[in-house]
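Heads up, the thing below is written out as structure tokens.
Residue numbers (the working numbering): 636 to 768.
Pasting the structure below:
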């Protein structure tokens, strides 16, 4: 199946990114991060608070932008940025834990929901990457 046909089939299955579980979970994570960072110390306003909020916004928004792109290579680029932002957030969460701002069980590789959503993004990314060759 040609790349364009694959992309069209995908868009027919998911006419809107807001129907996709990956994006819904990213928005849930966004809300959770905003709630958690509200309680960070004031001196972190322009540090970890800002960094974590920018990273979590990047996850959902880059996924949405990738969805709206027509070319498979464009799609995969934005999905990869979204995935990278998820790892950035994991690192920031680990730093927040080490600083005593959050509990370890909240985030990271050991969180099953985080792993499931990363796998979903990987599957979608691979789908379009293989089609763009």
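The C-beta atom is built at its ideal place from N, Cα and C for all residues, glycine as well.
Three-state secondary structure assigned by DSSP to residue i
i	result
residue 707	helix
residue 652	helix
residue 719	helix
residue 701	helix
residue 737	coil
residue 696	helix
residue 681	coil
residue 675	coil
Contact check, residue i vs residue j, beta carbons under 8 angstroms
i	j	result
residue 726	residue 737	no
residue 693	residue 720	yes
residue 684	residue 672	yes
residue 710	residue 704	yes
- prompt: Taking one C-beta from the stretch 680–691 and one from the stretch 648–656 each time, how about it: are there three or more such pairs within less than 8 angstroms?
  reply: no
- prompt: Is the stretch 654–664 in contact with the stretch 690–707, if contact means three or more CB pairs nearer than 8 angstroms?
  reply: yes
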